[in-house]
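Since the structure comes first, as structure tokens, the remarks are kept for the end.
Protein chains: 2
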Amino acid sequence: MSEQPEIVIVGAGFGGLFAAQALRNKPVDVVLIDRNNFHTFTPLLYQVATCALDPSEITKPVRSIFRKSRNIKFLLGEVTDVSLSENRITVQAAGSSHPIEYDYLILSGGSESNYFGNQQIEAFSFDLKSLGDAVDLRNHALRQFERAVWTEDPEEQESLLTFVVVGGGPTGIETAGALYELYNHVLDREFSGGELKARVVLVEMLDHLLRGYPSGLRQSARKQLEGLGVEVRLGTPVAEVEAGKVTLGDGTVIPTHTLVWSAGVRGTKLANLLGVDLTRANLVPVQPTLQLADFPNAYCVGDMCYLEDEHGDPYPQTIPPAQQQARLAAANIMAELNGQPLDTFRFHDRGSMATIGRSRAVAWIYKRIGMSGFLAWIAWLFLHLISLVGFRNRLNVFVNWIWNYLTYDRSVRLILEKSENKQQTE
Amino acid sequence: MSEQPEIVIVGAGFGGLFAAQALRNKPVDVVLIDRNNFHTFTPLLYQVATCALDPSEITKPVRSIFRKSRNIKFLLGEVTDVSLSENRITVQAAGSSHPIEYDYLILSGGSESNYFGNQQIEAFSFDLKSLGDAVDLRNHALRQFERAVWTEDPEEQESLLTFVVVGGGPTGIETAGALYELYNHVLDREFSGGELKARVVLVEMLDHLLRGYPSGLRQSARKQLEGLGVEVRLGTPVAEVEAGKVTLGDGTVIPTHTLVWSAGVRGTKLANLLGVDLTRANLVPVQPTLQLADFPNAYCVGDMCYLEDEHGDPYPQTIPPAQQQARLAAANIMAELNGQPLDTFRFHDRGSMATIGRSRAVAWIYKRIGMSGFLAWIAWLFLHLISLVGFRNRLNVFVNWIWNYLTYDRSVRLILEKSENKQQTE
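Here the protein sequences come in this chain order: A and B.
Heads up: the first sequence begins at -19 in the numbering used here, then just goes up one per residue.
Heads up: the second sequence begins at -19 in the numbering used here, then just goes up one per residue.
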């Protein structure tokens, strides 16, 4: 066996993936660990949830990404313990616990939905954080339409076809827009000849959408959503959730069987394993070099780390900071191995964008140029297509998007029931 | 409401689908009922199970197939009762029971795996009868490789990577071939640089493969399978199955965690609801007109019906008889409504084919011309491509096949874990 330094990366999301790619063919041995055998292109999860794309089109097996990288080894498993002082993690896999020692550690565990302690919301709502979430929402949403066909009670029918999306960020906006289009432009033709209409309500606690965007683009996003048919409720939180209805802070009661939650994230349970002080949102504070304060051989990047910019604001929990932090963590480890000084993190912000259904979007490029409408949508399309990992995915996604656009169809409309668990010979 | 005769079709497999298509735009009202909201192109289930195709590529939403057919209504639900004497079925859907009356009934419930009463086999084996089965097998098979990476025990590793397929018909042959190729031509490069090798054993009780094929093609199929690397065990049944091993009738013990069962089918539970005498394999005997003996307004077609040809042999439980029977049942109902005489079933057999991995196949065309090897494979490819329902599916399948063929890759390698069930607001 080689005597190269061993670098363990936890998580094959954007942070872990980019860190591993930055260490490809370097004189180190990399072990990349994830609970799933695939990397997920999370910005398009809402398209899986709304029947536009297949799960395999927004994912890529991790092993196939690193097929030709001899110094990168993938392991499927769940990290159940981290001992920073002993340079060791423990992985639960194949029915038992496996300790793995490291010289350097890169933690990139991502985030999970933050319900701010409200167990009611947690129990009743759908998330869009993982591929499984997206498939669950797809199954559920399609089932609501099929259920509505069987009832003659107009009130029950209305509540089955009402979808409440909470959170005015890009995920909330994109999901609300795509849900509205799925029902009112695709499915309605197939259900009772257009008699059934769906209602999509987007709820945001702040008095505007898209925090971090300039006021003109926020208003444009709202106008585009409302122009599509989505009801936008600003300045009110969700107060209560129970079977069959959602009550807003202003007292409005919305009869519904579907609540999609995209109103905030927190660090995952991985953060709790570290034994270090975390922020209120369960994030891991890091030095500007991305090292943990007391453990300089442990780095943390992406959604799960907490670092403030020069104005004292935390970096956004989006993909670009995760990618850039991952590259810096890898570079800093290589610098230390080569006896060079470490660098500190500076975020190169190329801006952000959100799509709002067919032909509508807003984009805030380099935080200088605002774009909205069709042009922003074309920019969104182009950017996401080139960012998708793997040539085959890109080609298939392109074929599907063209098809969906031209035909107003959504092909991936499967209600995949869970099969009973087989006993298995294991 | 119209006063047209009401025809209820149970099952949207090949039988039900073709019956409904034959009744499209006829002066009748059709209600088509299925437990799933999609039709499945079952001959390619094994390609979903072996990571070559996506679930949505071999399925099509039933509602989208009949989007433009105003006289055909789809309902998602499970038939829980059939009263042939009262012309009424009962459907469980959306949480309650719904009675539906009919003037004519077409039963097309298909078949399920026949374990011949062996509960051990039923508990431990994987089927390939539904889309859910295929996804389960895909998840399980990929997981075996990931588990093998974690163990250092060579015996355990070997048993994890041994796959036993039971049944020498087309499904068994195709699955065994595709499994072997997935592991030994795709995955092995990504696992420890090719150190892990998988073993695929095909077990058949008879002393030959492919019942119904001439002897030359049977031997060719066996040679092609063995040339690929699959072990073929003829003339021996599976005697016993328990956790971690399969014992054959000849005493051979195969350590394995995967048993795929494609050794026979029986009529589904729908047949038991009818209150008529069934065959030993749970099939519904029908008249040559496809009517039930005592209930001339009830027809039964496809895998679940029992009818003998002029030699006293039952028709094969494959797609072509199901399609042709479905068309005859629809035609006979229209004939009766128009006061014309009913026709009896005659099967136009265009032959059959089975593929054996990359570039290998056998074909028995019109039961006269035998073909094997590359030419048969091209014929198989062409036939399946043109049979796939829906233009988009065809294009995507074509792209994927070309991609898989050129790159030796299989893109759909997702282990999709079942997520915990959300409580839901319903």
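From the three backbone atoms N, C-alpha and C, an ideal C-beta is built for every residue, glycine too.
Being a predicted model, the structure only gives us computed values, none of them experimental.
field: Integer-rounded CB distance, given that B:Asp107 should sit under 8 angstroms from B:Ser93
entry: 5 angstroms
query: Using the beta-carbon count (16 or more within 10 Å), is A:Thr232 buried or exposed?
result: exposed
message: Check for me: the alpha helix (DSSP H) holding B:Lys249 runs from which residue to which?
response: 249 to 252
message: Let's test the definition: count the other Cβ atoms within 10 Å of the Cβ of B:Ser76 and tell me whether it reaches 16, buried, or not, exposed.
response: Residue burial annotation: B:Ser76 is exposed, with fewer than 16 other C-beta atoms found within 10 angstroms of its C-beta.
- request: Determine whether the Cβ of B:Val392 lies closer than 8 angstroms to any Cβ atom of chain A.
  value: yes
task: Tell me where the beta strand (DSSP E) around A:Tyr279 begins and ends.
output: 275 to 280
field: Between the CA atoms of A:Arg43 and A:Gly337 - distance to the nearest angstrom
entry: 33 angstroms
query: With a cut-off of 8 angstroms, does the C-beta of B:Asn5 fall near any C-beta of chain A?
result: So, not an interface residue.
task: Hey, could you find the ends of the beta strand (DSSP E) A:Pro79 is sitting in?
output: 76 to 81
- request: Kindly indicate which three-state DSSP category A:Lys48 falls into: helix, strand or coil?
  value: coil
message: When you compare the CB of B:Asn164 with every CB in chain A, is at least one pair closer than 8 angstroms?
response: no
task: Since I believe A:Pro(-15) is in contact with A:Leu272 (beta carbons under 8 angstroms), could you give me their beta-carbon distance rounded to a whole number of angstroms?
output: Not quite, the Cβ-Cβ distance comes to about 18 angstroms (not below 8 angstroms), so this is no contact.
message: Would A:Ala243 and A:Gly353 be called neighbours here (beta carbons separated by less than 8 angstroms)?
response: no
- prompt: So what's A:Gln271 in DSSP terms, helix, strand or just coil?
  reply: strand
query: Grouping DSSP H, G and I as helix and E and B as strand, with all else coil, what is B:Gln466?
result: Chain B is shown only over -19 to 406; residue 466 of chain B falls outside these bounds and no answer can be derived.
Straight-line Cα distance separating A:Thr335 from A:Val342: Answer to the nearest angstrom: the Cα atoms are 6 angstroms apart.
- request: At 7 angstroms on the CB atoms, spell out the chain B contacts of A:Trp130, in chain order.
  value: Taking the beta carbon of A:Trp130 as reference, the chain B residues within 7 angstroms of it are Ala73, Ala74, His78, listed in sequence order.
task: Grab me the residues of B:Val212's own chain with a C-beta within less than 7 angstroms of its C-beta, minus the 5 sequence neighbours each way, in chain order.
output: Leu182, Arg202, Leu205, Glu206
query: How is B:Thr238 classed by DSSP in three states: helix, strand or coil?
result: strand
query: Is the shortest distance between the beta-carbon of B:Glu(-14) and the beta-carbons of chain A less than 8 angstroms?
result: The beta carbon of B:Glu(-14) does not come within 8 angstroms of any beta carbon belonging to chain A, so the residue lies off that interface.
- prompt: For B:Glu126, which option in A:Ala73, A:Ile(-13), A:Leu12, A:Asn376 has the closest C-alpha, if you only look at C-alpha atoms?
  reply: A:Ala73
message: Give me the chain A residues within the contact set of B:Thr39, using Cβ-Cβ distance strictly less than 8 angstroms, ordered along the chain.
response: Leu394
- request: Would you tell me roughly how many angstroms separate the C-alpha atoms of A:Glu170 and B:Arg47, rounded to the nearest one?
  value: 5 angstroms
Proximity winner among B:Gln297, B:Val379, B:Gly255, B:Leu322, relative to B:Leu64 (alpha-carbon distances): B:Gly255
- prompt: Run through DSSP, which three-state label would A:Leu396 get?
  reply: coil
- prompt: Which of helix, strand or coil does DSSP assign to B:His19?
  reply: strand
- request: Taking only beta-carbon positions, decide if B:Asp133 is within less than 8 angstroms of chain A.
  value: no
field: Whether A:Tyr193 touches A:Trp344 by CB criterion (8 angstroms)
entry: yes
query: Taking the alpha carbon of B:Val59 as the point to measure from, which residue in B:Lys40, B:Phe104, B:Val28, B:Ala(-8) has its own alpha carbon closest?
result: B:Ala(-8)
message: Closer than 8 angstroms between beta carbons: that is the criterion. Which residues of the stretch 263 to 277 of chain B meet it against chain A?
response: none
- prompt: Where do the N-terminal and C-terminal ends of the alpha helix (DSSP H) with A:Met314 fall, by residue?
  reply: 299 to 317
task: Whole angstroms is fine: what's the gap from A:Ile349's alpha carbon to A:Asp293's?
output: Spanning the two alpha carbons is a distance of roughly 22 angstroms.
query: Ends of the alpha helix (DSSP H) at B:Ala114?
result: 111 to 130
query: Can you name the residues of chain A whose CB is closer than 7 angstroms to the CB of B:Glu126?
result: Asn17, Leu56
- request: Could you tell me whether the Cβ of B:Glu175 comes closer than 8 angstroms to any Cβ of chain A?
  value: Answer no: the Cβ-Cβ gap between B:Glu175 and chain A never drops below 8 angstroms.
Interface positions of the stretch 306 to 325 of chain B facing chain A (Cβ-Cβ less than 9 angstroms), listed along the chain: Flagged: no residues at all.
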